[in-house]
Amino acid sequence: MQEKQLHLPALPESADHRHRVAAERRGRMRSRLLRSALRLIADKGPAATSIDDVICAAGVSRGTFYKYFPSPEALVRELAAEIANELVRITDSALYGHDDPAVMVARGLRLVASLAIRHPPVAGFLVRVGWSAQQGSNVLEFVRRDIEKGFELGRFKRMPLEMAANLVAGATLGAIQRMLETGGAEDFSEQAAAVALRALGVEPADIDAIASVPLDPDAIRLVGSLAETWINAV
36 MQEKQLHLPA LPESADHRHR VAAERRGRMR SRLLRSALRL IADKGPAATS IDDVICAAGV
96 SRGTFYKYFP SPEALVRELA AEIANELVRI TDSALYGHDD PAVMVARGLR LVASLAIRHP
156 PVAGFLVRVG WSAQQGSNVL EFVRRDIEKG FELGRFKRMP LEMAANLVAG ATLGAIQRML
216 ETGGAEDFSE QAAAVALRAL GVEPADIDAI ASVPLDPDAI RLVGSLAETW INAV
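See below:
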């Protein structure tokens, strides 16, 4: 005798599951808009990138854009903050265990500048936007922390903290800009690190040795992986 199969009614989806699926969908769309904007801004600059450019690149409607961002400026700020925060996370972990603030500033600067050679679109975005759009994020927080430590230890000469942080930021962006202009033919990050250390008042005899210490290959790979993720995650 053939055994009867019991067909149970499908259980309704839980509210938690629906909310989770909706949140994942929103996250993917937000990511799509951000990555599309990254490519455009790296190429054209923030001022020349319109909402129409972004929605065309992302393949979405204007209404969809405004569900996630109130303005193009808000999108740029969020994108800058996300990239900067990820860079901070990576450089922080790469520099963990170093006690000399001069070493930490120099290596952090060079790690970020390495994007110009390995991933020009992300580096181009940072240069196009500049550091001002990222002031609300942690982008300079790790620099400020290391500079303050340098002040306390007498490693750096005393000056207003924001001035010192902007000196480091300017040297970083200057190195990236120069490397982008030359197609990465030469790594200017060591020179930029030396300039920053000199401006911070590090003893001249120490500067070249600190600025030229080889970077950890694993840290460089991590920075490269981050950029690859941002570029290819659309």
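For the sequence shown, the numbering used here gives the first residue as 36, with consecutive numbering after it.
From the three backbone atoms N, C-alpha and C, an ideal C-beta is built for every residue, glycine too.
Computed from a prediction, not measured in an experiment: that's the story for all the values here.
Query, Result
"Between which residues of its own chain and H133 is the CB-CB distance below 8 Å, once the five residues before and five after are set aside?", "M139 and R142"
"Since A231 and A200 should fall inside the 8 Å C-beta cutoff, what is the C-beta to C-beta distance between them, to a whole number of angstroms?", "Contact doesn't hold; Cβ gap of about 10 Å is too wide."
"Using alpha carbons as the reference points, say which of D251, L150, L75 and E238 lies closest to A210.", "L150"
"If you follow the alpha helix (DSSP H) that K184 is part of, which residue opens it and which one closes it?", "E176 to L188"
"Between which residues of its own chain and F160 is the CB-CB distance below 6 Å, once the five residues before and five after are set aside?", "L73, I76 and A77"
"Find out if the Cβ-Cβ distance for the pair G185, P239 is shorter than 7 Å.", "no"
"What residue from A58, L68, D127 and I242 has the CA that sits closest to A109's CA?", "L68"
"Near E176, what residues of its chain come up, given a Cβ to Cβ distance below 8 Å and the 5 sequence neighbours on each side ignored?", "V123"
"With H, G and I counted as helix, E and B as strand and the rest as coil, what does DSSP make of A119?", "helix"
"Between which two residues does the alpha helix (DSSP H) harbouring K192 extend?", "That residue, K192, is in no alpha helix (DSSP H); it is neither H nor E in DSSP."
"Let me confirm a value: E225 is counted as buried when at least 16 other C-beta atoms fall within 10 Å, else exposed. Which label applies?", "buried"
"Using the Cα positions of L114 and R213, report the straight-line distance between them to the nearest angstrom.", "23 Å"
"Confirm, please, whether the CB-CB distance from F191 to L130 is below 7 Å.", "no"
"So the candidates are A92, K79 and Y101; which of them puts its Cα closest to the Cα of R61?", "Y101"
"Do you know whose CA, among D51, S71 and F104, lies nearest D88's CA?", "S71"
"Does DSSP put L239 in a helix, in a strand, or in coil?", "Inspection of the sequence shows that residue 239 is occupied by Pro rather than by Leu. Three-state DSSP puts P239 in a helix."
"My guess is that A228 and A246 are in contact by the Cβ rule of under 8 Å, so how many angstroms apart are they, rounded?", "4 Å"
"To the nearest whole angstrom, what separates the beta carbons of Y103 and R153, a pair I think is in contact under 8 Å?", "Between R153 and Y103 the Cβ distance is about 29 Å, and since that is not below 8 Å, they are no contact."
"Measure the alpha-carbon distance for V147 versus D241 and round it to whole angstroms.", "22 Å"
"Which stretch, first to last residue, makes up the alpha helix (DSSP H) that contains A92?", "I86 to A93"
"For R145 and P81, I'd like the C-alpha separation in whole angstroms.", "25 Å"
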